[in-house]
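A.B. asks:
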Amino acid sequence: MLRLLPRLLVGALGVLALIGALRIWIDPTVPAVTLGLSPIGGLGLASLRADVGGFFGGMGGFALAAAVRNDRRLVTVPLVLVSLALAGRLITAGMEGLAPEMVLPMTVEAVLAVLLAVGRRTLGTR
54 MLRLLPRLLV GALGVLALIG ALRIWIDPTV PAVTLGLSPI GGLGLASLRA DVGGFFGGMG
114 GFALAAAVRN DRRLVTVPLV LVSLALAGRL ITAGMEGLAP EMVLPMTVEA VLAVLLAVGR
174 RTLGTR
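According to this note's numbering, the sequence shown is numbered sequentially starting from 54.
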């Protein structure tokens, strides 16, 4: 059971990230405001769909595939993506100061990085 839990959590993360990507691809304005972003014109909307939607889509797709296939190698992609996102926030906090609204996303990314690292360690290989 303990080995099944990380697989289920990685799969749930994958589904939630894919739902987030779909929300961004369908109507990027609402998630953009939640993320502190402001789409300006067609380029802004396209950038949100491509960059943010692509991030969540890639992370979700690989996390879900890792859980379904029980293949820890596939967890590497979302682990690297979340770690890079957290690194970007840490760089911002170091250079600009830590704004209170940055704490929650950083906490979520840190927890996800730990979850994905556990998944990377415990899922099977093929």
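Just so you know, even glycine gets a beta-carbon here, dropped at the ideal spot from N, CA and C.
On a predicted model such as this, the values are computed, not experimentally measured, just so you know.
#1: Would you mind giving the Cβ-Cβ distance between ALA138 and VAL128, rounded to the nearest angstrom? I have them listed as a contact below 8 Å.
#2: What residue from GLY150, MET148, GLY113 and ALA152 has the CA that sits closest to VAL133's CA?
#3: Have a look at VAL105, ASN123 and VAL130 and flag the residue whose alpha-carbon is nearest the alpha-carbon of PHE115.
#4: Do you know offhand how far ARG174's Cα is from LEU117's?
#5: Taking ALA142 and PRO153 to be in contact with their CB atoms under 8 Å, please state how far apart those CB atoms are, rounded to whole angstroms.
C.D. replies: Here's the rundown:
#1: About 16 Å; that fails the 8 Å criterion.
#2: GLY113
#3: VAL130
#4: 16 Å
#5: The amino acid occupying residue 142 in the given sequence is Arg; Ala does not appear at that position. Between PRO153 and ARG142 the Cβ distance is about 13 Å, and since that is not below 8 Å, they are no contact.
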